[in-house]
Every structure is written in structure tokens, then in C-alpha cells.
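Chemist:
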Amino acid sequence: MKCIRCREKACVQLRAHNSAFCKPCYLLFFRRQVERAIHHEKMFRPDERILVAVSGGKDSLALWDVLVDLGYQTIGLYLGLGIGEYSDGSRRCAEAFAQARDLPLRVVALEETGPGLGVPTIAASTRRTPCAACGTMKRHYFDTAALEAGVDVLATGHNLDDEAARLLGNVLHWQREYLARQRPVLQPKHPKFVRKVKPLYLVSEYESAVYAFLRGIEYVVEECPNSAGATQLGYKDVLNRLETASPGTKLRFVKEYLRTAQPVFAEVDERPLGECERCGMPAYGAVCGFCNLVLEVETKRDRLVAHP
Ligand code: SF4
Ligand SMILES: [Zn+2]
Ligand SMILES: [Zn+2]
Numbered sequence: 659m660k661c662i663r664c665r666e667k668a669c670v671q672l673r674a675h676n677s678a679f680c681k682p683c684y685l686l687f688f689r690r691q692v693e694r695a696i697h698h699e700k701m702f703r704p705d706e707r708i709l710v711a712v713s714g715g716k717d718s719l720a721l722w723d724v725l726v727d728l729g730y731q732t733i734g735l736y737l738g739l740g741i742g743e744y745s746d747g748s749r750r751c752a753e754a755f756a757q758a759r760d761l762p763l764r765v766v767a768l769e770e771t772g773p774g775l776g777v778p779t780i781a782a783s784t785r786r787t788p789c790a791a792c793g794t795m796k797r798h799y800f801d802t803a804a805l806e807a808g809v810d811v812l813a814t815g816h817n818l819d820d821e822a823a824r825l826l827g828n829v830l831h832w833q834r835e836y837l838a839r840q841r842p843v844l845q846p847k848h849p850k851f852v853r854k855v856k857p858l859y860l861v862s863e864y865e866s867a868v869y870a871f872l873r874g875i876e877y878v879v880e881e882c883p884n885s886a887g888a889t890q891l892g893y894k895d896v897l898n899r900l901e902t903a904s905p906g907t908k909l910r911f912v913k914e915y916l917r918t919a920q921p922v923f924a925e926v927d928e929r930p931l932g933e934c935e936r937c938g939m940p941a942y943g944a945v946c947g948f949c950n951l952v953l954e955v956e957t958k959r960d961r962l963v964a965h966p
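Residue numbers (the working numbering): 659 to 966.
1) Using 8 Å as the cut-off, can you tell me whether the stretch 895–908 makes contact with the stretch 738–752, which would need three or more C-beta pairs spanning the two stretches below that distance?
2) Is the beta carbon of Gln752 within less than 8 Å of some heavy atom of ligand 2?
3) At what residues does the alpha helix (DSSP H) containing Arg694 begin and finish?
4) What is the rounded straight-line gap between the Cα of Pro930 and the Cα of Thr794?
5) Please find out if some non-hydrogen atom of ligand 2 comes closer than 8 Å to the beta-carbon of Glu1042.
6) Tell me, to the nearest whole angstrom, how far the beta carbon of Lys856 is from that of Thr907; I am working on the premise that it is less than 8 Å.
7) Quick one: what's Gln731 bridged to in DSSP?
8) Express the C-alpha separation of Arg665 and Arg764 in angstroms, rounding to a whole number.
9) Of the choices Tyr736, Leu825, His848, Ser866, whose alpha-carbon is the least far from that of Val602?
10) Rounded to the nearest angstrom, how far is the Cβ of Leu719 from that of Phe755, given a contact under 8 Å?
11) Less than 8 Å between the CB of Phe679 and some heavy atom of ligand 2, yes or no?
12) With H, G and I counted as helix, E and B as strand and the rest as coil, what does DSSP make of Arg673?
13) How about Ile780: is its Cβ closer than 8 Å to a heavy atom in ligand 1?
14) With DSSP as the reference, please indicate the residues paired to Pro940 in a beta bridge.
15) Using a 10 Å radius around the Cβ and a threshold of 16 neighbouring Cβ atoms, would you call Tyr942 buried or exposed?
16) Where in the stretch 771–859 do unbroken runs of the beta strand (DSSP E), each at least 3 residues long, occur, reported from the N-terminal end onward?
17) For the beta strand (DSSP E) holding Val766, just list the boundary residues, first then last.
18) Starting from Gly947, trace the alpha helix (DSSP H) in both directions and tell me its first and last residue.
19) Ligand 3 and His697: does the residue's C-beta get closer than 8 Å to at least one heavy atom of that ligand?
20) Of the choices Ala924, Gln757, Thr802, whose alpha-carbon is the least far from that of Cys934?
21) For Ser885, which of Pro682, Ala791, Leu909 has the nearest alpha-carbon?
22) In whole angstroms, give me the CA-to-CA distance for Gly772 and Arg910.
23) By how many angstroms is the C-alpha of Leu858 removed from the C-alpha of Tyr864?
24) Taking 6 Å as the limit between beta carbons, can you name the residues of its chain near Tyr730, skipping five residues before and five after?
25) Excluding five sequence neighbours on each side, which residues of the same chain lie with their C-beta closer than 8 Å to the C-beta of Asn828?
26) Return yes when the C-beta of Phe948 is under 8 Å from any heavy atom of ligand 3, and no when it is not.
27) Does DSSP put Gly714 in a helix, in a strand, or in coil?
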């Protein structure tokens with residue numbers, strides 16, 4: 659198998675792209691893919707400051723690595739979700755990456771911030787699954803951190819597999835509001851929000867893992883213990899089977915959705931956005947999703963104190 663660029667021996671084969679690359683050409687191909695997504699979707703300009711949400715995993719660290727390499731001004735953001743060993747290991751990887759490259763990294767540990775509630779506590783005290791609680795917490799702390807850091811953009815490492823699985827879930831349940839917001843760039847609808855972008859949205863999980871490996875990036879390999887029961891994993895499984903039978907399925911699914919159907923759904927997203935009366939962050943109701951969760955936990959605690 660030869661590299662399609664230089665004809666040297668290839669070390670990576672990408673069936674979805676009908677291509678194979680040697681190491682230097684693969685690194686170039688990967689960077690170009692990310693660069694193309696940034697320019698094509700007008701994600702950000704070189705003079706803008708970017709907060710990169712890093713989980714310690716391959717995708718977000720590969721993203722940070724590429725953005726630094728392309729000369730963008732970045733700050734890393736690591737959220738400590740309080741999920742035992744997994745959180746400890748992922749924090750170590752995020753910190754080691756930043757330290758080795760002398761990059762600024764903000765660390766927000768949920769158990770030491772605001773109401774001091776980690777994901778497991780919230781999930782146990784409310785009727786949410788850990789992933790649902792986690793999603794709400796992440797959104798809130800991403801938004802507040804971006805506001806505090808005064809950046810222009812928040813970038814996350816969501817990859818093609820994440821986007822395809824999310825799209826499949828949204829379509830299976832016809833979640834029109836979610837479909838309206840599923841795109842690689844979300845412009846802020848409130849002055850306290852910043853633009854949110856996903857530069858890896860067309861890059862597969864396999865491609866980012868290969869990139870991280872070839873670049874010698876140490877990332878957390880073990881998965882979050884809650885991911886085993888997550889619905890998303892089931893969708894990823896189905897999509898992987900389709901991909902094996904017909905390479906390029908995920909890429910076509912996401913790309914064609916964005917090209918043909920997304921603009922139609924985007925038109926229905928016109929809910930008015932106000933401010934949460936508890937924390938002041940943008941909210942669709944009187945209280946934002948984050949404060950709703952915290953309120954539920956506090957109410958339960960008060961009840962336990964009153965009737966132990
Ligand atoms: S698997 Fe669920 S709980 Fe774990 S980090 Fe992902 S969203 Fe959060
Ligand atoms: Zn080559
Ligand atoms: Zn709030």
C-alpha cells in the first residue's frame with residue numbers, strides 16, 4: 659500500500675476517503691482537513707482568541723495541537739467532572755500536554771466551584787442519567803469560563819462519530835430543537851455567550867486517534883465509566899456497522915444533513931432567550947438548566963435535613 663501523495667510506503671489507510679498516507683503526509687492531510695473546516699465554516703479568524711475545551715482525550719488534545727500548530731491564539735479549559743479515577747487520569751493528561759508545550763490551561767473542578775457539585779452527586783440526587791447531568795454542567799461551565807476568559811470562541815473536540823451519533827439520535831426522536839442547533843458553528847444568541855465551534859466535525863474518531871498517536875500525544879485511553887450505558891454508544895455501534903459495509907456513510911450522513919436539511923430546521927429555532935434569575939447566565943425559562951439541577955439537589959438535601 660502506497661501513500662497517495664508521495665508514493666512512499668503508507669502507514670494509514672482511510673477507506674472513507676479511499677486514501678492511504680505515510681506519516682508526514684497523514685499529519686499534513688489531518689491538519690488540512692481541520693484548516694479547511696475552519697475556513698469553510700468561517701469558525702474564527704487569526705486575531706480571535708479561542709478557548710479549547712480539553713477532556714484529556716485524543717480528540718480535544720489533537721484539536722489543541724493542530725490549532726497551536728496553525729498559529730491560533732488558544733487557552734485550554736479542563737473541567738474536572740468529579741468522576742473518580744477517570745477524572746484524575748484525564749486531568750493529568752490535559753495538564754501534562756499543556757505543561758510540555760508551555761500552553762495556558764484553566765482548570766475548573768466542579769466539586770470546588772460554585773455549589774461544589776460533581777456529576778455523580780448531581781445524577782444521584784436528581785432523576786437524570788449521569789450523561790444528561792454532565793451535559794448540562796459542561797454547557798454551564800463552558801459558557802461561564804468563556805465569559806470570564808473574555809475569549810471570542812469556544813472550540814470543542816466533537817468528531818464525525820460524535821456528530822453522526824448525535825444526528826442519528828436526534829432524527830430517531832425527531833428532536834426538532836436539537837436538529838435546529840446541530841451544526842459546526844453556533845453563533846451566540848446572547849451577549850454572554852460566545853461563538854461555539856467544532857473544527858473536527860468531519861474528522862473520524864479513528865483519524866484523530868491516529869493523529870494523536872503519530873504526534874506522540876499522551877491522552878487518557880480509558881473511557882468514562884458512564885459511557886458504557888450511554889445511548890450514544892449504541893448509535894455509534896450501529897453507524898460503525900454501516901460504515902464497515904459502506905465506507906464513507908458517516909461522512910455523507912453528516913455532510914448531507916448540513917447541506918440539505920439543517921437550514922430547514924434552523925428556521926424553527928426562534929425561542930426567546932432571557933437571563934437566569936439565579937446565576938444571570940442566558941436561559942430559555944426563568945431559571946437555566948444548570949440552576950434547575952442545583953435547585954433539585956438542594957431541595958432534596960433540605961428534605962433530608964428536615965426528615966432525616
Ligand atoms: S460519558 Fe457521560 S458522564 Fe462521562 S464524560 Fe461523557 S457525558 Fe459525561
Ligand atoms: Zn507520503
Ligand atoms: Zn442559572
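Beta carbons: idealized from backbone N, C-alpha and C, even for Gly.
Modeler: The answer reads as follows:
1) Not touching, per the Cβ criterion.
2) In the sequence as displayed, the identity of residue 752 is Ala instead of Gln. Relative to ligand 2, the beta carbon of Ala752 is positioned no closer than 8 Å to any heavy atom.
3) It spans 681–698 - the alpha helix (DSSP H) in which Arg694 sits, taken as one unbroken run.
4) Going by the C-alpha atoms only, they are around 19 Å apart.
5) The chain is shown only over 659 to 966; residue 1042 falls outside these bounds and no answer can be derived.
6) With a Cβ gap of about 19 Å, Lys856 and Thr907 do not count as contacting.
7) Arg707
8) Answer to the nearest angstrom: the Cα atoms are 43 Å apart.
9) Since the first and last residues shown for the chain are 659 and 966, residue 602 lies out of range.
10) 5 Å
11) yes
12) The DSSP-derived three-state label of Arg673 is helix.
13) no
14) Glu933
15) Classification for Tyr942: exposed.
16) 811–813, 853–855
17) It spans 763–767 - the beta strand (DSSP E) in which Val766 sits, taken as one unbroken run.
18) 947–964
19) Annotation for His697 indicates a beta carbon at 8 Å or more from all heavy atoms of ligand 3.
20) Thr802
21) Ala791
22) 42 Å
23) 12 Å
24) Ile708
25) Tyr836, Leu837, Gln840
26) yes
27) Reduced to three states, the DSSP call for Gly714 is coil.
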